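Chemist: Under this note's numbering, residues 708 to 941 are what the sequence shown spells out, in order.
C-beta atoms are modelled at their ideal positions from N, C-alpha and C, and glycine is treated no differently.
In this text the structure is predicted, and so the values were computed from the model without any measurement.
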Amino acid sequence: MFTGIVQGVAHVESIDAREGLHTLALKLPAGFDDELAIGASVSCDGVCLTVTERPSPDVALFDVMGQTMKLTTLGGLKVGSGLNVERAAKDGAEIGGHPLSGHVDVSARIAEIRKPDNNHVIRFAVPAPWMRYVFAKGYIGVNGCSLTVAEAKRERDGSGWFEVWLIPETLRMTTFADKGVGDAIHIEIDRSTQVVVDTVRDALDEKLGALLPMLEAIAQERGIDLTQLALPKS
């Protein structure tokens with residue numbers, strides 16, 4: 708498990724690309740690798756990877772399988788690319804963000820970046836149906852970083868967008884300052900939110916049965932999210 712508090716930025720030192728398997732050599736941030744053993748788990752842009760070798764101080768090797776490369780952006784990394792990294796949480800450690808598994812749900816893209824005075828706002832475009840799990844003021848994992856959703860909008864097809872506001876410390880400790888419009892990022896939704904939403908949808912389906920598709924169609928025409936109607940008021 709990870710906490711979503713990024714501990715620094717690692718950079719790709721080399722890539723051994725073989726059929727169905729890439730081995731990444733990452734130059735780790737200073738002090739990050741203290742007692743980092745082979746077999747340890749590290750969140751790399753939100754993807755849980757396992758240390759396979761320690762060829763030199765501050766360098767660790769990670770194997771990335773073909774399926775992982777298909778589902779994430781790791782297959783497109785180049786020498787010099789930066790990644791947000793966090794070591795697995797230890798028992799009793801303070802969780803400053805929210806629990807993350809390191810299992811990416813979907814890739815989204817940066818739709819807009821705004822820089823009002825002393826602020827950095829990023830809007831992410833999310834494909835259907837994943838916006839059903841994103842709510843304003845809720846938690847979300849973006850490239851391994853635990854962030855709070857500032858604003859969110861869902862479209863009728865289940866796609867949509869959400870925005871986050873980043874403080875200077877987050878920009879300093881992560882790769883977000885280097886991201887541009889169109890860049891792909893990893894999303895891990897909050898598991899507790901997913902459980903609530905899916906439970907509500909299953910309950911509606913069980914009680915309404917064949918009527919549910921018709922009610923959903925009517926609700927969509929009117930811009931209503933049935934899931935939100937069933938959730939408790941905050």
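Return the CA-CA distance between T767 and H893, expressed in angstroms with no decimal places.
Modeler: Taking the sequence shown and counting its residues from 1, one reaches residue 767 at position 60. Taking the sequence shown and counting its residues from 1, one reaches residue 893 at position 186. Residue identity check: residue 767 is Ala in the sequence provided, not Thr. Between A767 and H893, the C-alpha separation is close to 22 angstroms.
Chemist: Compare the beta carbon distance of N825 and V713 with 9 angstroms and say whether it is the shorter of the two.
Modeler: If you number the sequence shown from 1, residue 825 lands on position 118. If you number the sequence shown from 1, residue 713 lands on position 6. Their beta carbons are not under 9 angstroms apart, which means N825 does not touch V713 by this criterion.
Chemist: Among Y840, R879, T882, which has the Cα closest to the Cα of F869?
Modeler: Translated into positions along the sequence shown, residue 869 becomes position 162. The shortest C-alpha separation from F869 is found at Y840.
Chemist: State the Cα-Cα distance for the pair W837 and S866, rounded to the nearest angstrom.
Modeler: Locating residue 837 in the sequence shown gives position 130, counting from the first residue. Locating residue 866 in the sequence shown gives position 159, counting from the first residue. Answer to the nearest angstrom: the Cα atoms are 7 angstroms apart.
Chemist: If you measure between the beta carbons of Q752 and T882, is that distance less than 9 angstroms?
Modeler: One-based indexing of the sequence shown puts residue 752 at position 45. One-based indexing of the sequence shown puts residue 882 at position 175. Here residue 752 turns out to be Asp, not Gln, going by the sequence shown. Result yes, Cβ atoms of D752 and T882 sit closer than 9 angstroms.
Chemist: Is A737 closer than 9 angstroms to D765 when the C-beta atoms are compared?
Modeler: The residue given as residue 765 occupies position 58 in the sequence shown. The residue given as residue 737 occupies position 30 in the sequence shown. Cβ atoms of D765 and A737: closer than 9 angstroms.
Chemist: Once the 5 residues before and after L807 are set aside, which same chain residues still bring their CB inside 6 angstroms of it?
Modeler: The residue labelled residue 807 in the question sits at position 100 within the sequence shown. Excluding residues within five positions, the ones whose Cβ falls inside 6 angstroms are F709, G711, G848, E895.
Chemist: A924 by DSSP, collapsed to three states: which one?
Modeler: On the sequence shown, residue 924 is found 217 positions in, with the first residue counted as 1. In this structure, A924 counts as helix in the three-state DSSP scheme.
Chemist: Which of the three DSSP states, helix, strand or coil, is assigned to T730?
Modeler: Numbered from 1 along the sequence shown, position 23 holds the residue referred to as residue 730. It is a strand residue.
Chemist: Just tell me which of A717, S763, P920, L873 has its CA closest to the CA of P823.
Modeler: Walking along the sequence shown from the start, residue 823 turns up at place 116. Comparing Cα positions, the closest option is L873.
Chemist: When DSSP labels each residue in this structure, what does R863 get in the three-state scheme?
Modeler: Position 156 of the sequence shown, counting from 1, holds the residue named residue 863. It is coil, neither helix nor strand.
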